[in-house]
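Remarks on the structure that follows.
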Amino acid sequence: MADIIPAECVQTSAPIRWVRVALDVPLADLYDYRSNEAVVVGDRVIVAFGRRKMIGVVVGLPEVPGCDPSKVKDVLAVLKDIAPLSSSWLHFATFAAEYYQRPLGEVILPALPMPLRSVPSYQGKRSGAGPVVRLAKRRASQQEATATSVVPQLNSQQEQAVTALIAAKGFKTFLLYGVTGSGKTEVYLHAAAQTLALGKRVLMLVPEINLTPQFEQSLRARLEPVAGVNGVAVMHSALSDGERLRAWLRVQSGEARIVLGTRLAIFAPLDDLGLIVVDEEHDPSYKQQDGLRYSARDLAVWRAHDLGIPVVLGSATPSLESWANAEKSIYQRLDLPARARAVTLPSVRLVDTRRLQMDHGLSPHLVEAMRARLANKEQVLIFLNRRGYAPALHCNSCGWVSQCTRCTTFTVLHRLTAQRAQLHCHHCGLAQNVPKACPDCGDQDLQPMGRGTQRVEEHLAELFPGARVVRIDADSTRKKGSAQALFASVHAGEVDILVGTQMVAKGHDFANLGLVGVLNADALLFSQDFRAPERLFAQLMQVAGRAGRHSGHGEVIVQTGYPEQAVYQALLKHDYAGFARHSLQERQAAALPPFSYQALLSAEARELTPALDFLRGARELASELSAHYQTEVVLTLYDPVPLRIVRVDNMCRAQLLLESTNRPALQSLLRHWLKLLPEQPDARRVRWQLEVDPLEI
Ligand SMILES: [Zn+2]
Ligand SMILES: [Zn+2]
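For the sequence shown, numbering that gives the first Met the number 0 gives the first residue as 0, with consecutive numbering after it.
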């Protein structure tokens with residue numbers, strides 16, 4: 000080794016250590032530094048990168064540096080305030096980086112709480128000890144152990160499911176398939192308690208925590224007696240840096256025995272896991288849509304595989320990927336056929352709107368059913384997945400429609416107060432005042448076009464003057480805590496009619512809700528995306544599941560212009576299995592996922608031409624590589640196309656889809672391809688990004 004160490008270093012008494020460091024920079028390489036201090040893999044270090052100082056994570060201790068040793072810089076500080084990241088966690092992060100084709104540093108660093116990866120925390124105005132020591136000493140206050148709630152008796156199917164999960168030796172993926180209200184949560188809680196009792200830890204992923212504090216409360220009440228006070232850590236993106244750091248440290252130190260979190264919690268630093276739970280596994284919010292575009296559901300399966308433990312994916316409407324895996328016995332299916340409360344499923348009625356006289360978007364059938372339920376002192380939910388007052392403002396004289404100046408899309412009319420309205424772009428956030436007259440013809444008679452939740456709320460208040468109407472959507476819940484306050488008023492029976500977007504569909508158990516009315520479900524039906532019917536079915540099943548959970552005579556009315564469509568016919572019979580069979584046949588015939596694997600290269604630029612030119616060049620390159628490396632593998636390269644909403648925030652967007660029936664071959668092609676893409680002629684003129692297993696196309 001001596002011959003490669005620069006002369007000036009040989010003088011030092013301590014041995015020279017070469018360290019390979021992952022940094023959160025958008026380049027694909029790891030960087031080598033030199034350390035005079037003892038350092039191990041998993042340590043965090045402060046290093047100079049260009050003119051900046053950055054925190055990186057040591058991922059290797061090479062014998063020799065990967066570049067000229069005389070050019071290698073010194074590590075500025077080795078941070079020893081927390082234990083090094085474990086090798087199994089680093090192994091997991093490395094898999095994620097390789098699978099999603101991203102630099103390792105872009106996976107590792109964002110997974111750490113901000114104070115652990117920001118240099119100013121250590122060298123800025125704060126105390127020299129760094130924030131971690133201080134915060135670690137300030138333990139979460141010792142709460143009184145919550146009074147243990149009564150543990151419900153399991154029915155025989157729940158019992159069988161728990162037994163199967165606990166009996167699993169080593170890696171195994173279970174698909175817990177049960178309708179809304181069938182008691183999946185009880186299965187998770189029992190299996191988690193037994194896993195904790197065996198001395199192992201549990202990771203439980205849910206799509207959403209903020210909106211469902213009841214779930215967190217009941218989980219704490221049930222599992223804290225087993226996991227200990229402070230034994231439950233909650234991780235989600237709405238936590239402050241300090242809260243996230245404290246939760247993370249409790250997990251890393253081993254104090255927290257169960258982690259409940261949204262998708263980012265898949266990167267929680269726990270090794271001695273005994274069980275991973277992914278609730279509502281079909282939910283699109285498990286997919287991160289920027290940066291490292293990972294699927295937490297898919298990573299959960301891989302992490303369980305890596306650790307040799309069981310993982311359970313639960314849903315009333317599993318993703319077709321998971322369902323197909325269960326059909327092929329790659330996953331083991333566990334069925335919960337009955338509603339745990341032994342009440343019947345809500346009846347579903349399709350109202351064909353084609354020949355009906357509608358009143359502000361409401362059919363006479365729906366209005367009549369609402370009257371009956373309200374007279375019976377039951378609550379009604381009107382579901383419309385479109386917020387704002389109206390999707391656009393319109394001039395009846397010349398046909399002008401309000402449009403965003405930065406995007407190729409309409410601007411949505413929003414009522415701010417009774418007197419004041421604005422036009423908002425839901426894509427770039429632009430807010431404009433409502434014009435007093437048509438910008439094209441000067442006519443002052445501008446009318447709202449179509450309807451959103453605000454307009455429906457307004458009309459229902461007129462139609463049912465005695466009823467208390469509340470709207471729950473992203474606008475009415477912008478202030479912190481307001482969503483919880485609104486939901487609490489629904490639970491307390493202070494609301495008669497609830498108007499809401501998909502926010503209301505997730506996980507809420509409304510005891511007195513008798514009727515669900517679905518407006519404008521057809522909007523998703525004819526989307527270009529092949530997953531749209533699957534998403535629509537899941538959404539409708541979920542919202543339908545809110546009705547009659549306790550009374551047992553719930554009703555769902557879906558207004559549609561296409562009642563004969565398979566998705567509605569399956570909904571009528573609560574027939575997920577039939578819907579899945581039909582959809583999988585269609586997917587197979589078209590060789591779409593899960594019968595093939597996809598990757599999506601997207602590009603954006605001020606003009607559309609360079610974006611399309613770059614993608615055409617990239618397509619050519621992929622075609623050459625495919626011919627060169629893997630002649631036997633069928634790779635389908637689609638033509639580059641502009642996105643449906645081509646311009647957003649003044650950037651024009653286009654995409655290129657790649658598809659193959661052979662996943663390893665596609666992966667290896669992507670690796671070669673990514674190395675060459677930056678050298679493409681148009682690469683510097685566009686912003687581009689690759690997504691593996693895209694969810695939206
Ligand atoms: Zn006009
Ligand atoms: Zn816009």
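C-beta: ideal position from N, C-alpha, C; glycine also.
8 Å Cβ cutoff met for residue i and residue j
{"i": "A110", "j": "F266", "result": "yes"}
{"i": "L689", "j": "L675", "result": "no"}
{"i": "T660", "j": "S595", "result": "yes"}
{"i": "L392", "j": "V433", "result": "yes"}
{"i": "L485", "j": "V469", "result": "yes"}
{"i": "M203", "j": "L269", "result": "no"}
{"i": "R292", "j": "Y98", "result": "no"}
{"i": "T559", "j": "D351", "result": "yes"}
{"i": "A255", "j": "N229", "result": "yes"}
{"i": "E201", "j": "V161", "result": "First, the residue type needs correcting, since residue 201 is Val and not Glu in the sequence shown. No."}
{"i": "I708", "j": "R116", "result": "Lying outside 0 to 696, the shown extent of the chain, residue 708 is not represented and no answer is given."}
{"i": "P693", "j": "A323", "result": "no"}
{"i": "I275", "j": "A299", "result": "yes"}
{"i": "L642", "j": "R652", "result": "yes"}
{"i": "V38", "j": "V57", "result": "yes"}
{"i": "D474", "j": "H413", "result": "yes"}
{"i": "Y567", "j": "L349", "result": "yes"}
{"i": "L22", "j": "P114", "result": "no"}
{"i": "D305", "j": "F48", "result": "no"}
Rounded Cβ spacing between residue i and residue j (contact assumed at less than 8 Å)
{"i": "L760", "j": "Q152", "result": "What is shown of the chain runs 0 to 696, which leaves residue 760 out entirely."}
{"i": "V640", "j": "L607", "result": "Not confirmed; about 11 Å, so no contact."}
{"i": "W687", "j": "F578", "result": "With 8 Å as the limit, W687 and F578 do not qualify as a contact, their Cβ atoms being about 36 Å apart."}
{"i": "D278", "j": "G313", "result": "5 Å"}
{"i": "R683", "j": "L655", "result": "18 Å between Cβ atoms; not a contact."}
{"i": "K435", "j": "Q446", "result": "Not confirmed; about 14 Å, so no contact."}
{"i": "L429", "j": "C394", "result": "About 20 Å separates the two Cβ atoms, so there is no contact after all."}
{"i": "E720", "j": "G290", "result": "With the chain covering only 0 through 696, there is no way to say anything about residue 720."}
{"i": "G41", "j": "L84", "result": "4 Å"}
{"i": "V455", "j": "L518", "result": "7 Å"}
{"i": "A520", "j": "L497", "result": "About 17 Å separates the two Cβ atoms, so there is no contact after all."}
{"i": "Q331", "j": "F173", "result": "5 Å"}
{"i": "L238", "j": "A232", "result": "With 8 Å as the limit, L238 and A232 do not qualify as a contact, their Cβ atoms being about 11 Å apart."}
Beta-ladder partner(s) of residue i, from DSSP
{"i": "V691", "result": "A598"}
{"i": "A47", "result": "K52"}
{"i": "N519", "result": "N519 is not bridged to any residue."}
{"i": "M234", "result": "G260"}
{"i": "V498", "result": "I381, R470"}
{"i": "Q213", "result": "BP columns for Q213 are empty, so no partner."}
{"i": "K286", "result": "S294"}
{"i": "I556", "result": "R348, G516"}
{"i": "P447", "result": "L392"}
Cβ-based neighbour list, residue i, same chain, cut-off 6 Å, excluding 5 preceding and 5 following
{"i": "G169", "result": "G307"}
{"i": "I696", "result": "D528"}
{"i": "E207", "result": "K505"}
{"i": "M369", "result": "V379"}
{"i": "V685", "result": "A602, A604, P609, A610, F613"}
{"i": "D648", "result": "R405, C427"}
{"i": "T408", "result": "H426, I644"}
Same chain, Cβ closer than 7 Å to residue i, five either side skipped, listed in chain order
{"i": "A128", "result": "Model confidence at A128 stands at a pLDDT of 44, short of 50, so the residue's coordinates are unreliable; what they give is reported in the following sentence. No residues qualify anywhere along the chain."}
{"i": "Q564", "result": "L524"}
{"i": "K124", "result": "In this prediction, K124 scores a pLDDT of 44, lower than 50, which makes its location untrustworthy; the coordinate-derived value is nonetheless stated afterwards. Correct list: empty, nothing qualifies."}
{"i": "A295", "result": "L204, R262, I265, Y285"}
{"i": "Q251", "result": "I81, A82, P268"}
{"i": "V542", "result": "F382, A504, V515, V517"}
Close-in-space but distant-in-sequence residues of the same chain around residue i (CB under 8 Å, 5 per side omitted)
{"i": "S550", "result": "V342, E377, N511, G513"}
{"i": "D31", "result": "W17, V18, R19, V20, P61, P64, G65, C66, V71"}
{"i": "S569", "result": "Correcting the residue identity first, residue 569 is Ala in this sequence and not Ser. The answer, listed in chain order, is F536, Y575, G577, F578, H581."}
{"i": "R467", "result": "E493, V494, D495, I496"}
{"i": "P14", "result": "none"}
Identity of the residue in the options nearest residue i by Cα
{"i": "P309", "options": "A163, G547, H413", "result": "A163"}
{"i": "L188", "options": "Y98, F214, E493, P593", "result": "F214"}
{"i": "P363", "options": "K52, L412, A255, V557", "result": "V557"}
{"i": "L222", "options": "L244, Q193, A237, S236", "result": "Q193"}
{"i": "T316", "options": "W88, R353, H281, R467", "result": "H281"}
{"i": "S622", "options": "A589, E658, L642, A590", "result": "E658"}
{"i": "K171", "options": "R249, G273, S236", "result": "G273"}
{"i": "Q421", "options": "C437, Y388, G398", "result": "Y388"}
{"i": "G180", "options": "N384, A546, E461", "result": "A546"}
is_contact[residue i, chain B] using C-beta, thresh 8 Å
{"i": "G387", "result": "Looking at the structure shown, chain B is missing, and only one protein chain is on hand."}
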